[in-house]
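Accompanying notes for the structure given below.
Protein chains in written order, with my numbering: chain C, 86 to 350; chain B, 86 to 350.
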């Protein structure tokens, strides 16, 4: 199968092929949606796919809130960086890292669940939520639907929790806008780093891996210029990580998680 | 498509169907592997699938180390709870939440990357690593390969970092054993919580959701008894989260991450 678009490299390809890989390799984020709704059956399939993902010790420490109400989508959009596609998408899924279910079990049983206080457990919550949501992303694409993740839902986690009526020990990990891709959107398959920049054999070799970044900067600059966007990859990474002011308020997330009942100690 | 096994419910089904959903719905963890190797082309496909997953601001804050050396697999197995399947699998992938690549970019450019100090950025590292790895899991299954995640790679993160020669600002998020499933393994598709326990419409309703746990406990008890395993889901969750002693040493992860250069403040 060709991997030309995936790597921005005319020679990139792999000799194995099937329908699943074709769907995965063709992934792009969709931020402009057509008018058709996401059906209840499609939502059932997305959630069944999500629940089919692995989960640490079968804890299943996540939940998902399906938002279709236009006013609620608008309010969530305002809380998440005013990204218009959130309100435009017919379905906005908010994925919840959810230790609340287990904590409620413990409360009802009258036993401690002190392990949930640790950063390790918060990480399990976020990791398992991500594993699940990625299955939903691939399932959506297999059904002809487009998606885009919304990390900006973490800009105001307490306001989002109030909007969605989240119980204690639960936090919105990220949003996912879902809908029919509008073909007029000017967007394509964004090239990724060459495999040799991220894949190491036996041990990590930073010098060998980082040699591929220069070529990637050229490829991504070429790709971005197609859409009138400036900047090489390196420049964008450095701008994104410069300092706490680059984090859209999320530099206080640790304190916010503690207030939401995920002390992450 | 039937979802009987997925939910341990003879009536569970969904009206949409395709090959991708079939692969996802049939997921199970594989902990016993046949003799055949994972080919270089298959590994290329797994990593291309992983790189096709979404990533926040295209940061691509992850790397993966492919371990095939039998002695190294044995040492990693010893560090990760002595799980024999790690050494038995032909391929053990260690997925790295990797802020090191961006930090090295910043060092070479002589600029700050202080946003990488925050918990938000650590979470992005783990989330994006999980999104990528889940694509590899589904890709593997589409190629007839089985996988199982190994969270126990976080039992001793500093020793794992030394074994793999990780640079600063990088940590093993989880392992993934990959190989041909041995059909003699006594394992099946583990039922998950009913959808109504995890999927909420518009707002989160804890009372309505938790009503489904009792039925799930019955279903999982039935499933577990097939494999001679005791315990309902609730009991296992409570045992897993009782206290820091349930975390196999990972209650100190926050301090360990700081020493590895992910201060997560």
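Cβ atoms here follow ideal geometry from the backbone N, Cα and C, with glycine treated the same way.
- Its Cα nearest to that of residue 214 of chain C, the residue C:136 stands out among C:111, C:136, C:277, C:253.
- Of the residues C:195, C:265, C:326, the one whose Cα lies closest to the Cα of residue 191 of chain B is C:326.
- Residues are counted here when their Cβ sits less than 7 Å from a Cβ of chain B; for the stretch 268-280 of chain C these are 275, 277, 278, 280, given in chain order.
- For residue 108 of chain C, the CB contacts under 7 Å within the same chain, skipping 5 residues up- and downstream, are 223, 226, 227 in chain order.
- For residue 91 of chain C, the residues of chain B that pass the 8 Å Cβ criterion are 133, 136, 137, in the order they occur in the chain.
- Of the candidates B:333, B:299, B:110, B:250, B:333 places its Cα closest to the Cα of residue 203 of chain C.
- Residue 231 of chain B is outside the set of residues whose beta carbon lies under 7 Å from a beta carbon in chain C.
- Under the 10 Å beta carbon count, residue 156 of chain B is surrounded by fewer than 16 other beta carbons and is classified as exposed.
- Looking from the CA of residue 234 of chain C, the closest CA among B:97, B:323, B:142 belongs to B:142.
- In the structure shown, the three-state DSSP call for residue 288 of chain C is coil.
- Annotation: the continuous beta strand (DSSP E) that includes residue 232 of chain B extends over 231-235.
- When secondary structure is reduced to three states using DSSP, residue 108 of chain C falls in the helix class.
- Between the stretch 315-322 of chain B and the stretch 330-347 of chain B, the count of Cβ pairs shorter than 8 Å is below three; the stretches do not touch.
- Close to residue 114 of chain B, with beta-carbon spacing below 8 Å, are these residues of chain C in chain order: 139.
- For residue 274 of chain C, no beta strand (DSSP E) segment is defined, and its DSSP state is neither H nor E.
- In terms of Cβ geometry, residue 256 of chain B and residue 126 of chain C do not form a close pair [threshold 7 Å].
- For residue 132 of chain C, the uninterrupted alpha helix (DSSP H) segment begins and ends at 125-137.
- Exclusion of the five residues before and after residue 149 of chain B leaves 178, 180 as the residues of its chain whose Cβ lies within less than 6 Å of its Cβ.
- The residue from B:95, B:292, B:205 with its alpha-carbon nearest to that of residue 328 of chain C is B:205.
- Shown in chain order are the members of the stretch 201-215 of chain B whose Cβ falls below 9 Å from a Cβ of chain C: 201, 202, 203, 204, 205, 206, 207, 208, 209, 211, 212, 213, 214, 215.
- For residue 177 of chain B, no Cβ of chain C is located within less than 7 Å of the residue's own Cβ.
- Under the DSSP assignment, residue 154 of chain B falls outside any beta strand (DSSP E); it carries neither an H nor an E label.
- Of the residues B:345, B:104, B:305, the one whose Cα lies closest to the Cα of residue 239 of chain B is B:345.
- Per DSSP, residue 320 of chain B lies in no beta strand (DSSP E) segment; the continuous alpha helix (DSSP H) that holds it begins and ends at 318-326.
- Under the Cβ criterion of 7 Å, residue 287 of chain C is counted among the residues facing chain B.
- Within chain C, the residues whose beta carbon sits less than 8 Å from that of residue 157 of chain B are 287, listed in sequence order.
- Looking at the DSSP output, residue 181 of chain C sits in a beta bridge with C:148, C:257.
- Rounded to whole angstroms, the Cβ separation of residue 219 of chain B and residue 216 of chain C is 4 Å, and the two are in contact under 8 Å.
- Excluding sequence positions up to five before and after residue 253 of chain B, its CB lies within less than 8 Å of the CB of 185, 188, 345, 346, all in the same chain and listed in chain order.
- Taking a C-beta distance under 7 Å as the contact criterion, residue 276 of chain C and residue 305 of chain C qualify as a contact pair.
- For residue 117 of chain C, not one C-beta of chain B is nearer than 7 Å to its own C-beta.
- Per DSSP, the unbroken alpha helix (DSSP H) holding residue 212 of chain B starts and ends at 204-227.
- Neighbourhood of residue 318 of chain C in chain B, by CB distance below 8 Å: 143, in chain order.
- In terms of beta-carbon proximity, residue 304 of chain C stays away from the interface with chain B, with every pair separated by 7 Å or more.
- Beta-bridge analysis with DSSP links residue 118 of chain B to B:266.
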